[in-house]
Amino acid sequence: MSNIRVTYTGFISFFVSIVFVITGSLVTLILTRTLTQEEFGTWGLIGGITQYVLVFSAIVTFWSTRDIARKIESGKTAILGQMLFSIIAVILYIFVSYFLGSEVNLDLDLLFFSVILIPMMFLSGVLTAITLGWKPHVISYGLVSFGISQIIFAFIFVYYYDLGVYGIILANFISYGVNIIILLKFSKNKITNELNFNFFKKWLKLSWIPLYPWLAIIFSALEISIFTLMTGSVMGLAIWTASIAISSIVIHVSTISKAVYPKLLGDKNVHYLRENISLLFFFNFLVVGIIIALAKPALYALNPIYVNAFLVVIILAISHFFLVLSTVSTQSLAGSENIDLNGKTTLKNYLRSKLFYPHTIRFVESLFFIPILIVGLYFLINAEHSDIDLLVFWSLIILIIHIPVSIYLTFKMTKALCFKLDYKRILKYFIIGLFSFTTIFIISENYLVFEKNLFTFLPNLLLLFTLGILFYLSLCYVFDKKIRLLVTSILKEIKSK
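Per our numbering, the very first residue in the sequence shown carries number 2; after that it's consecutive.
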């Protein structure tokens with residue numbers, strides 16, 4: 002039986018994610034206030050290219066978590082295999098960078114220099130996968146270390162030495178190194194076993210299982226390249242990157258359910274799921290609400306040149322709300338599936354399993370999304386619409402297509418794992434959130450002064466963020482008994498330490 006504590010791990014992961022969001026926001030502030038719009042767009046393009054090559058990391062990381070959670074010691078073999086795949090990823094990254102950089106006249110030396118991040122991301126990824134299988138809360142320590150290191154070195158290289166995108170690449174390279182050291186320290190017991198190439202042979206033989214989900218990810222990631230090539234510059238991509246920097250904070254809500262996947266792999270008892278998913282909605286409404294209410298001033302804080310993209314941030318925040326639900330649903334379904342333990346399972350059975358059909362749905366979703374995006378952008382560009390109009394269209398298509406997919410996967414999760422959503426409680430959180438953040442929005446619209454001086458403006462913005470969060474949490478504490486019990490249990494846990 003698994004000894005992973007789902008709620009305990011979830012709260013550690015979530016609150017550490019808040020720290021990570023804070024550090025990440027400070028790094029983004031350094032970038033948006035220091036880099037030009039073109040430089041920031043180039044950094045966004047580097048992130049987009051990275052998505053293409055990370056597919057190879059899934060071959061090892063997928064099996065590492067499942068093996069470790071099931072007491073199968075394959076850690077050392079996983080690290081060696083991951084670094085071999087990183088070589089393939091580096092070659093592909095250079096090829097894609099050359100093609101995209103040449104098409105939009107970017108600095109190829111800069112794009113080629115960014116390849117140093119790939120091996121570090123691969124090594125960090127496999128250590129995270131190993132740790133997830135037995136001590137998922139430890140991942141949070143690495144995230145905090147990464148975030149703090151990012152601030153320090155981004156300030157040194159980007160702000161102080163004015164190295165531009167080269168500086169943020171160096172800062173991330175060192176930060177990944179710090180993260181790797183932390184994960185190695187806590188996972189050394191899982192990577193000191195003997196090399197066993199039978200594991201590697203098995204992973205290669207079954208590589209199509211973890212690669213299949215990446216079809217949707219890779220296909221959807223084409224949106225970055227498509228937008229860049231169709232507009233012929235990275236200026237609009239800079240606005241998109243700034244919008245993503247704010248709206249993607251919502252994705253961290255999924256850490257509340259981080260431990261569900263390894264827990265299900267080692268223990269099929271699902272009594273905790275109804276409560277865990279209710280907490281997922283609780284925090285989802287909190288984060289999405291505060292981002293929607295303060296989207297405009299948040300963009301202004303990054304850089305006033307991005308402030309007109311507030312509608313893009315709002316749409317993307319709502320889209321990320323549903324992305325959190327579909328991500329947790331997909332992971333929970335995969336965690337409950339044992340078909341890979343049967344060595345004689347056929348391809349047909351795999352394709353029907355819970356490891357596959359959620360990703361088939363996501364792939365079909367991307368097959369609809371990309372053609373609609375291309376056609377829509379084509380007509381909007383020919384009609385000489387602004388970059389903001391293009392980005393609003395882009396974000397709307399993402400939202401409209403993903404809503405039914407998210408609802409369907411959530412339904413399949415509850416049905417497969419035999420529990421029901423607590424609809425009354427979820428509706429209560431929604432109403433409280435609507436009231437709380439509408440109030441904060443009205444206050445910000447009427448009383449928040451958009452000062453040119455960041456150090457004058459930022460404290461007022463942070464005060465509104467704090468008020469909004471406290472208002473929501475206080476109302477939930479008053480009107481929801483389970484939240485009161487949760488707070489009591491957290492305080493008891495802290496006192497017992």
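Yeah, the Cβ is synthetic: ideal placement off N, Cα and C, and Gly gets one too. All figures in this text were calculated on a predicted structure; none of them were measured in a lab.
According to DSSP, is residue i part of a helix, a strand, or is it coil?
i	result
P137	coil
C477	helix
H403	helix
G165	helix
L144	helix
N339	coil
H272	coil
G233	coil
E452	coil
N1	Past the boundaries of the shown model lies residue 1; the chain is included only from 2 to 498, so the question cannot be answered.
S221	helix
T37	coil
Alpha carbon to alpha carbon, how far is residue j from residue i? Give it in angstroms, no decimals.
i	j	result
A217	L184	29 angstroms
H272	L464	39 angstroms
T331	Y448	43 angstroms
S234	P137	41 angstroms
I389	I245	14 angstroms
Q38	I157	20 angstroms
L35	N339	According to the sequence shown, residue 35 is Thr rather than Leu. If I take the Cα positions, the gap works out to 50 angstroms.
V56	A335	18 angstroms
E452	L468	20 angstroms
M2	L265	Because the pLDDT of M2 is 43, which lies under 50, any placement of that residue in the model is unreliable, and the question is left without a value.
V488	G168	42 angstroms
I225	S337	34 angstroms
I117	K421	46 angstroms
T62	M121	14 angstroms
I373	I398	8 angstroms
M236	I484	45 angstroms
K482	I470	19 angstroms
S18	I89	31 angstroms
K425	K413	20 angstroms
T457	P263	45 angstroms
T415	E366	21 angstroms
A516	A155	What the structure shows of the chain is the stretch from 2 to 498, and residue 516 is not part of that stretch, so it cannot be assessed.
Measure how close the beta-carbons of residue i and residue j come, nearest whole angstrom, since I'm counting them as under 8 angstroms.
i	j	result
A318	V251	6 angstroms
T33	F41	6 angstroms
T66	L107	With 8 angstroms as the limit, T66 and L107 do not qualify as a contact, their Cβ atoms being about 36 angstroms apart.
F86	I60	6 angstroms
I292	I247	6 angstroms
F323	S407	4 angstroms
G165	G25	Not really, about 19 angstroms apart at Cβ, beyond 8 angstroms.
M84	F123	7 angstroms
L418	S333	6 angstroms
K77	N194	5 angstroms
Between residue i and residue j, is the Cβ-Cβ spacing less than 7 angstroms?
i	j	result
L391	L381	yes
S437	Y473	yes
V127	S150	no
I170	S221	no
C477	I433	yes
V393	V313	yes
G45	L300	no
F286	V254	no
F131	S188	For the sequence presented, residue 131 should be read as Ile rather than Phe. A contact, by the Cβ cut-off of 7 angstroms.
Y177	S98	no
F369	I402	yes
V145	Y94	no
Y1	I31	The structure shown does not extend to residue 1, since the chain spans only 2 to 498, so no value can be given for it.
W204	W395	no
I240	A310	yes
L492	A302	no
S75	F200	yes
Here's the rule I'm using: 16 or more other beta-carbon atoms within 10 Å means buried, otherwise exposed. How should residue i be labelled?
i	result
N209	Going by the sequence as given, residue 209 is Trp instead of Asn. Exposed: under 16 other Cβ atoms inside 10 Å.
L315	The sequence shown places Ile at residue 315, rather than the Leu named in the question. With 16 or more other Cβ atoms within 10 Å, it is buried.
L196	exposed
H360	buried
L274	buried
K429	buried
L112	buried
F16	exposed
R363	buried
N383	exposed
S387	exposed
Y162	exposed
I181	buried
Taking 7 angstroms as the CB-CB limit, is residue i close to chain B?
i	result
Y448	This model lacks chain B altogether; it includes just one protein chain.
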